[in-house]
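In the numbering used here, the protein residues as written are 1106 to 1565.
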Ligand SMILES: Cc1cc2nc3c(=O)[nH]c(=O)nc-3n(C[C@H](O)[C@H](O)[C@H](O)COP(=O)(O)OP(=O)(O)OC[C@H]3O[C@@H](n4cnc5c(N)ncnc54)[C@H](O)[C@@H]3O)c2cc1C
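Right, here's the structure in full:
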């Protein structure tokens, strides 16, 4: 625990009401979706950038770990105070400050829920494409800090493509502004992109300028069933050859389908003989979408699709997406706990990734349902474990190592979306060379010489 004097100084900055030291708060704010938490010594809820600056300066002076927290939906423990200290919850910085229709941008505070930004900009005919499946719980600051992806990344790219500028507080308490309201900006080093994906280890993001695009007027969603994952991936290859770039392209394997069918009690979701399903969406102007939908159907038929559905209206569209949205919670039908990995390989090597997973299933006698963003080769590999089954958990950890090594051998990466946090820190050196890690450490040192900001993350 930090001293009473330290907690009093926090109270002086934000007001007593916004400092929490009760056990429940310390534990709740010390956990994220990884579910391997560690209690904070104190939780502080600042009102604005000026207060954050003073909190950072205090933590720097007293060498107290300071851990920024957004929505707490991270899967690698990024917001977990593994070395105790202060959790800085940004929940009071939750306003959309500006939607600039002429310059196609929005200025937002870090803890606006991502889905709320989408809803607000769509009301004026604009579009913020990044759409992590957690978009109703995670916040834009967390998305920027993790460089979140989602189903639309194949066509539209990930969060980093939409961050024009930032305001951020350094661990010293100094406030920096990077980038700005212009799309072209090459003055000095690109600190904006350095902070995107920095997992709360370099600076605390307090304001974000987001690039927007016009909202596509028409969206058509389709679903195709296949007798194997390879058939489904062949359909993706056909699509790329036909020069169709779907707005979303999601693959769901047979194990996942079975879990959703059980969870929702809808047997037709996992018909016999379906080992893989593709969810596809095309968007744009009506004529183009109509033409692309025909090409999508042909690409799937040529690859051996056993069934093809096309949503006739928004209700049917939502119904097709329901399977995808219910996937994560439905996997609990298999076991209550999963090691959720988000490996990514060049899309042409996705079939090899599935072969690797099949070998791991057999070798380690594990259930490993997979789904993911097949258009960009980013597959969620869920190693299912039973809490308390120590032997299974040991096998699952060994399987992780084999998965990561195999992914790197396929020219891929151990994380396409969820970042490193503390959960994947032991594997960093598997993917990056010594000099690369050393260069990253020097960047960390330049921003945070006393190592107070989110210690224990990315690097071991
Ligand atoms: C059901 C579910 C589905 C998911 N689907 C996806 C998906 O499709 N795509 C995807 O990419 N991820 C997905 N995720 C993972 C997670 O939602 C993302 O990593 C998300 O970006 C985390 O946002 P958050 O607001 O919850 O951040 P948190 O978990 O609170 O924090 C994440 C990291 O960001 C740092 N951070 C937070 N706010 C700030 C800030 N203002 N300044 C500096 N650092 C900060 C924290 O210190 C931490 O290191 C999913 C998670 C769940 C539970």
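Cβ atoms here follow ideal geometry from the backbone N, Cα and C, with glycine treated the same way.
Quick one, which of the options has its alpha-carbon nearest residue i's?
i	options	result
residue 1346	1474, 1278, 1298 and 1480	1480
residue 1469	1496, 1146, 1525 and 1403	1496
residue 1482	1241, 1163, 1316 and 1456	1456
residue 1541	1528, 1445, 1563 and 1556	1563
residue 1329	1291, 1402 and 1266	1402
residue 1353	1327, 1385 and 1124	1385
residue 1421	1325, 1396, 1170 and 1561	1325
residue 1454	1133, 1514 and 1277	1514
residue 1083	1411, 1174 and 1176	Residue 1083 lies beyond the stretch modelled for the chain, which goes from 1106 to 1565, so this question has no answer here.
residue 1361	1485, 1115 and 1452	1485
residue 1307	1280, 1549 and 1268	1549
residue 1168	1110, 1276 and 1258	1276
residue 1314	1287, 1229 and 1327	1287
residue 1351	1372, 1396 and 1368	1396
residue 1441	1375, 1305 and 1364	1364
residue 1311	1320, 1279, 1333 and 1292	1279
residue 1116	1320, 1163 and 1196	1163
residue 1465	1452, 1487 and 1281	1487
residue 1452	1333, 1343 and 1216	1343
residue 1475	1491, 1447, 1212 and 1258	1447
Which value, in whole angstroms, describes the spacing of the CA atoms of residue i and residue j?
i	j	result
residue 1547	residue 1296	15 Å
residue 1394	residue 1358	27 Å
residue 1389	residue 1294	35 Å
residue 1157	residue 1151	6 Å
residue 1521	residue 1254	8 Å
residue 1199	residue 1516	39 Å
residue 1224	residue 1234	11 Å
residue 1558	residue 1309	9 Å
residue 1145	residue 1112	12 Å
residue 1075	residue 1431	Coverage of the chain is limited to positions 1106 through 1565, which leaves residue 1075 absent and any answer about it impossible.
residue 1243	residue 1237	8 Å
residue 1478	residue 1449	9 Å
residue 1467	residue 1355	25 Å
residue 1322	residue 1556	48 Å
residue 1512	residue 1519	7 Å
residue 1132	residue 1170	16 Å
residue 1318	residue 1266	11 Å
residue 1228	residue 1391	20 Å
residue 1196	residue 1463	42 Å
residue 1304	residue 1405	38 Å
residue 1258	residue 1114	44 Å
residue 1122	residue 1299	34 Å
Would residue i pass as a contact of residue j if the rule is Cβ separation under 9 Å?
i	j	result
residue 1231	residue 1214	no
residue 1537	residue 1500	no
residue 1417	residue 1489	no
residue 1218	residue 1193	no
residue 1119	residue 1130	no
residue 1251	residue 1302	yes
residue 1270	residue 1290	yes
residue 1246	residue 1175	yes
residue 1561	residue 1179	no
residue 1349	residue 1387	yes
residue 1320	residue 1226	yes
Using the Cβ count rule (16 or more neighbours within 10 Å means buried), how would you classify residue i?
i	result
residue 1535	exposed
residue 1256	buried
residue 1493	exposed
residue 1554	exposed
residue 1284	buried
residue 1189	buried
residue 1370	exposed
residue 1166	exposed
residue 1435	buried
residue 1505	buried
residue 1539	exposed
residue 1433	buried
residue 1273	buried
residue 1240	buried
residue 1529	buried
residue 1210	buried
residue 1377	exposed
residue 1414	exposed
residue 1399	exposed
residue 1544	exposed
residue 1125	buried
Examine the Cβ distances between the stretch 1331 to 1344 and the stretch 1374 to 1383 and report whether three or more of them are shorter than 8 Å. yes
Would you say the stretch 1129 to 1143 touches the stretch 1184 to 1194, given that touching needs at least three Cβ pairs under 8 Å? yes
Tell me whether the stretch 1445 to 1460 and the stretch 1424 to 1432 touch, counting them as touching only if at least three CB pairs, one residue from each stretch, are closer than 8 Å. no
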